[in-house]
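K.L.:
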Amino acid sequence: MLSFVLKKMGYGVLVLVGVVIVVFFLFQGFGDPARLVLGQTGDSATLANVRKELALDQPKWKQFTLYLNDVSPIGVATKADIQQKSLHGLFVGGDLKLGIKVPYLRRSYQNRRPVMDILLEALPGTMILAFSAMIFATIIGILLGVISAVKQNTWMDSSAVFTSVLGISAPSFFMGIVIAYVFGFLLHRYTGLFMTGSLYDYDVVSGKHLALKNLWLPALTLGIRPLAIIAQLTRSAMLDVLSKDYIRTAYAKGLPKKMVVWKHALPNALNPVATAITGWFAELLAGSFFVEYIFGWKGIGKTTVDALENLDFPVVMGSVLITATFFVIVNILSDLLYTVLDPRVKLH
């Protein structure tokens, strides 16, 4: 188990290094970061100081080395760097220290706040939205898949299959617009839901308060595609399991159909479904950008889109790195979960 985890972590580190390389050379070459920081009013002397502060006066390879050192959890820093960048971690050494630290994602061009602080403020919104969408998709998807398999070749089976195909085919941004318009505008009088809204609402009288009703529409939109995938996987796996000899034996012993389906068949059909659920959770964390933007939901997605509109590239770069890290972690957990559910699977 330990060797498997270490091997997966090694692959994950290689993936993240590749992401860092792509992100740096994709965004660092766009525009003039010094001009983006100061706007159009900065004089030449101030621009030169900012370029020196951001190491823009250095060759590209050196700029990349400095960026890699910043975002790496292991790096070197001087005493001045630690104070100026507010680095957190354990450092040892003299003037040039080696340490294990919280990755430094630099500062926003727009407000000069640390990118890590900006993204950590937005992360809970994205996590709650992704969890809610995944819970909705898992419960409804498994239920539809089981019903479809048990009622094979009936109108219930055909309806479930047709609905899942529609769910897979419809793009999330299109479904988001339709759902927001129908339930948040046309039927607002009956649903009480709004087209846009975040996890917290602000009122001049009561101040900040939790607004869970704003979660319904974005979670529904985000959960449609994984729901459809989970329903089809559950149906396929259940049909395979229901044809096994031990299921026939269970029926021959006189066990009730509900017990056979839910206690004996379903647990043995959940392996591919569990893998899909964990994979889709990582997908939802990364794919909620347009859904968050459409519904005005404050999360990493909306924060990243807003940063792109303002050419605030450090925020965009930090968002991509955090999302890639989630992908790596969730994929490792997915492999471990698969072996827990099915001990016959060996770790490689």
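Numbering-wise, my numbering puts 156 at position 165 of the sequence shown, and it's gapless, one number per residue.
Ideal Cβ placement from N, Cα and C applies to all residues, glycine included.
Predicted model, so just to flag it, every value in this text is computed and none were measured.
1) Let me know the beta strand (DSSP E) ranges lying completely inside the segment 168 to 229, each 3 residues or longer, listed in chain order.
2) Whether or not the segment 68 to 79 and the segment 257 to 269 are in contact is what I'm after, with contact meaning three or more pairs of Cβ atoms, one per stretch, closer than 8 Å; do they touch?
3) Whose C-alpha, out of Lys293, Leu324, Asn322, is nearest the C-alpha of Glu112?
4) With DSSP as the reference, label Gly90 as helix, strand or coil.
5) Tell me, please, whether the segment 281 to 297 touches the segment 199 to 213 by the rule of three or more beta-carbon pairs shorter than 8 Å.
6) For Val83, collect the residues of the same chain with a Cβ closer than 7 Å to its Cβ; drop the 5 residues on either side in sequence, then sort them by chain order.
7) Is it the case that the segment 137 to 153 contacts the segment 207 to 221, given that we only count it when at least three CB pairs across the two stretches are under 8 Å?
8) Under DSSP, the beta strand (DSSP E) around Val67 begins and ends at which residues?
9) With DSSP as the reference, label Gly245 as helix, strand or coil.
10) Out of Leu57, Lys(-1), Asp48, Leu45, state which residue places its alpha-carbon closest to the alpha-carbon of Ile12.
11) Near Pro263, which residues of its chain fall below 6 Å by C-beta distance, leaving aside the five closest residues on each side in sequence?
12) Would you kindly report the start and end of the unbroken beta strand (DSSP E) that includes Leu81?
13) Please confirm whether Phe317 and Leu275 have their CB atoms less than 7 Å apart.
14) Go through its chain and collect everything with a Cβ distance to Ala151's Cβ below 8 Å, but skip five positions before and after it.
15) Any idea what DSSP makes of Pro50, helix, strand or coil?
16) For the alpha helix (DSSP H) that contains Tyr284, what are its first and last residues?
17) Cβ of Phe304 within 7 Å of Cβ of Phe18?
18) Please identify the residue among Ser163, Val41, Ala298, Ile291 whose C-alpha is closest to the C-alpha of Leu114.
19) Need the endpoints of the alpha helix (DSSP H) that Leu135 sits in, please.
20) Count the other CB atoms, across all protein chains shown, that sit within 10 Å of the CB of Val156; report buried if there are 16 or more and exposed otherwise.
21) Please name the residue, chosen from Lys(-2), Arg98, Val4, that lies closest to Ser310 on a Cα-to-Cα basis.
22) Between Leu78 and the rest of its own chain, which residues show a CB-CB distance below 8 Å, the 5 nearest in sequence each way excluded?
23) Starting from Asp148, trace the alpha helix (DSSP H) in both directions and tell me its first and last residue.
24) Can you say whether Thr37 is buried or exposed, counting buried as having 16 or more other CB atoms within 10 angstroms of its CB?
P.N.:
So, from the listed chains and residues:
1) DSSP runs (the beta strand (DSSP E)) wholly in the segment 168 to 229: 191 to 194, 198 to 201.
2) Segments in contact, no.
3) Lys293
4) Correct three-state label for Gly90: strand.
5) yes
6) Leu89, Gly90
7) no
8) 65 to 69
9) coil
10) Leu57
11) Leu224, Ala228
12) 80 to 84
13) no
14) Leu135, Gly136, Ile138, Ser139, Ala222, Arg226
15) coil
16) 280 to 286
17) Yes. Within cutoff.
18) Ile291
19) 106 to 141
20) exposed
21) Arg98
22) Ala68, Asp72, Gly90, Lys92, Val93, Tyr95
23) 146 to 160
24) exposed
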